[in-house]
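Note sheet for the following structure.
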């Protein structure tokens, strides 16, 4: 029997934050596959549209919470991204809907999609900007 | 470069009463294989469907299911259709041994993400590459 997933000591219920980040990761993969001209079939198209819609709903709610957090400085747990991050995520969902519906993205839009993906990936990977990690500049 | 092939008209069923987790698993698998994915929220409905309409190539199920739990469902599936791949997921470490004893092919420890589901597809749905034909090189 194969085993995938978390180590036994870290096993727990999947929370809404886990699902949001996993769905966002899936959306990033979907966008990268599109940019790499991977084929898009009927069910892939449906999956992209459903995923983008759900990520969009979650990101709108989380953006409001992030704005409230900026005002009150209350602890919101692990999802402490800045409001601009959620705007970038929403932009990604709109772009994903466009390519899933077969609209051709012109060069400047493809470039914008690539930049947006890069920013989102960096935010997911690091809670600080790469340039702020001073220790990485020394080897 | 070789063409990658997936099992022809691969049939996958996802069973979980937690709609949020189930829909995430379905979205990821549907995207991966570009095929429709069957969904059920309990083991009994899934079992009735399998008996009446045929067994899928792969079942991805939570262990905690109403009426027929994931472990019992695995034993029943393996008894009748051993070729069906069964992946069980759980948030309880003690369920790993139980899954093995009941004949599951994969244990997925929660929380899991996109990568684990892609691994599942890559391991069981992508058809193996044909063996190198050494004779053609001589």
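Residue numbers (the working numbering), protein chains in the order written: chain A, 1 to 139; chain B, 1001 to 1138.
All C-beta atoms, glycine included, are put in the ideal place defined by N, C-alpha and C.
Counting only C-beta atoms, is residue i closer than 9 Å to chain B at any point?
| i | result |
| --- | --- |
| residue 43 (chain A) | yes |
| residue 90 (chain A) | no |
| residue 51 (chain A) | yes |
| residue 83 (chain A) | no |
| residue 120 (chain A) | no |
If you measure from the beta carbon of residue i to each beta carbon in chain A, is any gap under 9 Å?
| i | result |
| --- | --- |
| residue 1070 (chain B) | no |
| residue 1110 (chain B) | yes |
| residue 1082 (chain B) | no |
| residue 1073 (chain B) | no |
| residue 1098 (chain B) | no |
| residue 1116 (chain B) | yes |
| residue 1091 (chain B) | yes |
| residue 1057 (chain B) | no |
Near residue i, which residues of its chain fall below 6 Å by C-beta distance, leaving aside the five closest residues on each side in sequence?
| i | result |
| --- | --- |
| residue 1135 (chain B) | Residue confidence for residue 1135 (chain B) is low, a pLDDT of 48 falling below 50, so the modelled location carries little weight; the figure read from the coordinates is stated next. If we look at residue 1135 (chain B) and ignore the five residues flanking it on each side, it has no Cβ neighbours. |
| residue 1152 (chain B) | The structure shown does not extend to residue 1152 (chain B), since chain B is modelled only from 1001 to 1138, so the question has no answer here. |
Starting from residue i, trace the beta strand (DSSP E) in both directions and tell me its first and last residue.
| i | result |
| --- | --- |
| residue 139 (chain A) | No beta strand (DSSP E) holds residue 139 (chain A); DSSP gives it neither H nor E. |
| residue 3 (chain A) | 2 to 5 |
| residue 1106 (chain B) | 1106 to 1109 |
| residue 1040 (chain B) | 1037 to 1040 |
| residue 1058 (chain B) | 1058 to 1062 |
| residue 1068 (chain B) | Per DSSP, residue 1068 (chain B) belongs to no beta strand (DSSP E) and is neither H nor E. |
| residue 1089 (chain B) | 1085 to 1090 |
Determine the closest residue to residue i out of the options, with distance taken between C-alpha atoms.
| i | options | result |
| --- | --- | --- |
| residue 1055 (chain B) | B:1041, B:1079, B:1062, B:1089 | B:1079 |
| residue 91 (chain A) | A:106, A:114, A:67 | A:114 |
| residue 27 (chain A) | A:120, A:83, A:138, A:134 | A:120 |
| residue 109 (chain A) | A:35, A:58, A:52, A:3 | A:35 |
| residue 56 (chain A) | A:97, A:10, A:137 | A:97 |
| residue 20 (chain A) | B:1123, B:1119, B:1112, B:1118 | B:1112 |
| residue 976 (chain B) | A:15, A:44, A:39 | Because chain B spans 1001 through 1138 in this model, residue 976 (chain B) falls outside it and cannot be assessed. |
Once you ignore the five residues that flank residue i on each side, which residues in its own chain have a CB closer than 7 Å to its CB?
| i | result |
| --- | --- |
| residue 123 (chain A) | 81, 85 |
| residue 1024 (chain B) | none |
Which same chain residues, not among the five before or five after residue i, have their C-beta less than 8 Å away from its C-beta?
| i | result |
| --- | --- |
| residue 1033 (chain B) | 1006, 1010, 1012, 1121, 1125 |
| residue 1063 (chain B) | 1069, 1070, 1071, 1088, 1089, 1090, 1092, 1095, 1098, 1099 |
| residue 1138 (chain B) | Caution applies to residue 1138 (chain B), whose pLDDT of 37 falls short of 50 and renders its modelled position unreliable; the value that the coordinates give is listed next. Cβ within range, chain order: n/a, list empty. |
| residue 1075 (chain B) | 1102, 1103 |
Quick check on the DSSP output: the alpha helix (DSSP H) that includes residue i runs from which residue to which?
| i | result |
| --- | --- |
| residue 107 (chain A) | 107 to 125 |
| residue 1008 (chain B) | Counting along the chain, residue 1008 (chain B) falls outside any alpha helix (DSSP H), and DSSP gives it neither H nor E. |
| residue 95 (chain A) | 83 to 100 |
| residue 1044 (chain B) | 1043 to 1053 |
| residue 34 (chain A) | 16 to 35 |
Just checking residue i against the ligand MN - is the residue's beta carbon closer than 8 Å to any of the ligand's heavy atoms?
| i | result |
| --- | --- |
| residue 22 (chain A) | Among the components modelled here there is no ligand, and therefore nothing to report on the ligand MN. |
Quiz item: the region 1017 to 1040 of chain B: which residues have C-beta closer than 7 Å to a C-beta of chain A, in chain order?
Solution: The region 1017 to 1040 of chain B vs chain A, Cβ under 7 Å: 1020, 1021, 1024, 1027, 1028, 1030, 1031, 1034, 1035, 1036.
Practice problem: Using a Cβ-Cβ cut-off of less than 7 Å, give me the residues of the region 23 to 36 of chain A that come near chain B, in sequence order. | Solution: Listed by position along the chain: 23, 25, 26, 29, 30.
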